[in-house]
Amino acid sequence: MSIIGGVTGQNNTINIDGSSLRGHEVSSQSLELKTGSTIQGTVVSISDTTEGKIATINVGDAEIQAKLQDGMGLREGQTLNFNVRSASSGSVSITPLYENTSIDQSTLKALTAAGIEINNDSIQMVKDMMSASLPINKDALLEMNKSLNSFPNTSVTTLVEMKSLGIPIDENNIKQFESYKNYEHQVTSTMENIIEDLPNAFSELMATGKDTQALDLYGSVLKLIGNEIELSEEANAKEAGPISDSLVDADEETLENSEISKDPSQTVAKEVESQNALKTSEESVRQPSAALSDRFMDNLRNLGISDKTINTYNEALKEAANLDLSENPKQAAKLENAQKALLKELAENFEKSDMSDLAESSAWKNVFSGKEYTRLLKDNMQSQWHLKPLEVGNKENIENLYQRLSNQARGLTNAVTQNLGADSRLAQSANNLQNNLDFMNQLNQMFQYVQLPLQMAGQNVHGDLYVYRNKHKKMSEDGSVSAALHLDMENLGPVDVYVKLLNSKVTTNFYVADDSVIDLINDNIHILYERLEKRGYSMEATLKLHDDMDGQDLAVDEMLSVSKTPVISTNSFDARA
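For the working numbering, add 7 to where a residue sits in the sequence shown, where the first one is 1.
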């Protein structure tokens, strides 16, 4: 226990370890110090003397001075509670009380050996490191203390958790880690902000006479979207991005020959989507407008867009106008292909255009300013940045999604920064998307985790998929495979699904928002039972309210828990879960 010895506030004389030392004048008011009592004081100053380090502490209306024991760390400005350990007519010994922290001799010795100042933060640092099973030798403590000093506005707990999980500690990673811990990590939210803000940014540039920047911004976005349309036609030849590689790096032969390749948790996820669709069916789904205006079609022709491309898109819009596209996948695919063809041709023509030509730049302004183009751009960005449920079953689709997102986020950040500035709302959103993707990359060095931006039943849905497996561990002792799936859905609310597969038995726990969702799933759960039975699985399902569990996102909570050890092998579970 660290002790401040030889303290007195009486007669302006301070007895330190039996020696007499004159001190600063103190209040004439008597300071009563009794053994066992607690006082609160603020450290006014710390000075070096021939007797050692002397701290001046303001206690109420009095000021006392004390010699600090070797290794005892106090800082000027600190306000601490002190326990009076002993009091006599000549001297008093007090010790700081570190609130909410249990101090033992090993903690103090470790800090003293490392030469680290003993204070609330350093005590908490050791406590958290021990709780996270991290070493507390000199090198480990010095490294963690360096992080603590480098990021003074970050909590000790956050830094220790990141270290325990093997996540590099830097400013961006801290921000992203805290976003995940606070359930503010969804790429879908950032995507939605970008898609909504992009047309507004173009309009603002045009309204303020910055036509050149407006055309450059939209032209850059058009080329990004158009180039990815070309890439999608040769997706199988494109090298996968690092995020998806980490998610699906399982041995191919093992997966292809394994029954897990027909994994039941994929069926569970699809069934959750079916329940969401049931609840959505009574509500309106966003529909495309009936047709393109004559003016917009003329503007497209002025840019050299072929009549075939224009008419194909226009007819697809007309056919889809009175349909629920979530119930008509063929028509939805036809419309999407027509959109892609038009955007691809626009992108090709923009590459060849001469913006110094007044007539040509005016023609592009007319197209970009039209509400039909805004809808076309938004719909295609939504399509390129989201997966359809059936696409999740093919690992190349996840690979292509993250390759596409990474390329476009980087290109978008550059274009927006150049034309709007780095401090603009749109630039910050684009940069945050890129940082989130980079952080997810680092998570995938340790975990099998992915965010799933999904298009379900006429709405965009955020999903988190986490497979219980640390890349440095082996399969669980009983040979089981487990995964946690989290979905945020407009109609069902937050849904967490925990799936465990042992041999041919599937154990599934659903955690939902309210009793009505339990009733809805319960009324249709037989469909899931039947589908799994056809694949040779038996299932035991439990439905619970979210109140019955801790946290708001099971997948993220489980992944970032430093007290649990994920132990699933990648050879036993693939990204189609």
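C-beta atoms are modelled at their ideal positions from N, C-alpha and C, and glycine is treated no differently.
Residue burial classification, residue i (beta-carbon count within 10 angstroms, cutoff 16)
| i | result |
| --- | --- |
| Lys-402 | buried |
| Gly-84 | exposed |
| Asp-68 | exposed |
| Lys-347 | buried |
| Asp-495 | buried |
| Val-513 | buried |
| Gly-226 | buried |
| Asn-264 | In this prediction, Asn-264 scores a pLDDT of 35, lower than 50, which makes its location untrustworthy; no coordinate-derived value is stated. |
| Ala-548 | buried |
| Pro-396 | buried |
| His-192 | buried |
| Leu-307 | buried |
| Gly-400 | buried |
| Asp-521 | exposed |
| Ala-328 | exposed |
| His-533 | exposed |
Beta-ladder partner(s) of residue i, from DSSP
| i | result |
| --- | --- |
| Gly-500 | Met-496 |
| Glu-322 | DSSP, once it has assigned bridges, lists no residue as partnering Glu-322. |
| Ile-53 | Ala-62 |
| Asn-387 | DSSP lists no partner for Asn-387. |
| Leu-472 | Val-457 and Leu-492 |
| Glu-70 | Asn-65 |
| Leu-508 | Val-488 and Val-513 |
| Met-136 | Paired residue(s): none; Met-136 is not in a bridge. |
| Gln-220 | Per DSSP, none; premise fails for Gln-220. |
| Leu-394 | Leu-461 |
| Gln-466 | Met-463 |
Residue i, enclosing beta strand (DSSP E) - first and last residue
| i | result |
| --- | --- |
| Tyr-409 | Premise fails: Tyr-409 lies in the alpha helix (DSSP H), 402-427, not in any beta strand (DSSP E). |
| Val-519 | 512-519 |
| Ala-548 | 545-552 |
| Pro-142 | Element bounds for Pro-142: n/a, residue is neither H nor E. |
| Met-362 | Element bounds for Met-362: n/a, residue is neither H nor E. |
Residue i Cβ short of 7 Å to the ligand PLP heavy atom set
| i | result |
| --- | --- |
| Pro-460 | In terms of ligand content, the structure shown is empty, and the ligand PLP therefore cannot be addressed. |
Cβ distance (whole Å) where residue i is taken to contact residue j below 8 Å
| i | j | result |
| --- | --- | --- |
| Arg-417 | Gln-441 | 6 Å |
| Ser-154 | Leu-166 | 5 Å |
| Ser-511 | Gly-543 | 6 Å |
| Ala-370 | Leu-310 | 5 Å |
| Asn-180 | Phe-446 | 6 Å |
| Leu-350 | Gly-233 | 6 Å |
| Ile-71 | Lys-60 | Contact flag wrong, Cβ pair sits at about 15 Å. |
| Ala-208 | Leu-224 | 7 Å |
Residue range of the alpha helix (DSSP H) that includes residue i
| i | result |
| --- | --- |
| Phe-209 | 194-214 |
| Gln-183 | 178-188 |
| Met-304 | 301-309 |
| Asn-438 | 432-450 |
| Lys-541 | 522-541 |
| Ser-171 | 163-172 |
Identity of the residue in the options nearest residue i by Cα
| i | options | result |
| --- | --- | --- |
| Leu-461 | His-493, Ser-431, Ala-437 and Leu-444 | His-493 |
| Leu-87 | Ile-125, Thr-57, Thr-424 and Ala-120 | Ile-125 |
| Asn-144 | Gly-400, Asn-443, Tyr-536 and Gly-122 | Gly-122 |
| Leu-527 | Leu-509, Leu-550 and Asn-516 | Leu-550 |
| Met-362 | Gln-183, Asp-218, Ile-232 and Asn-438 | Asp-218 |
| Ala-434 | Gln-466, Ile-201, Asp-223 and Leu-141 | Ile-201 |
| Ile-130 | Ala-117, Pro-142 and Phe-209 | Ala-117 |
| Leu-332 | Lys-182, Gly-377 and Gln-466 | Gln-466 |
| Asn-439 | Val-423, Ile-71 and Asn-404 | Val-423 |
| Thr-42 | Gly-470, Ile-312 and Val-91 | Val-91 |
| Val-502 | Arg-538, His-553 and Tyr-456 | His-553 |
| Val-4 | Gln-47, Gln-389, Thr-56 and Ala-73 | The chain is shown only over 8 to 584; residue 4 falls outside these bounds and no answer can be derived. |
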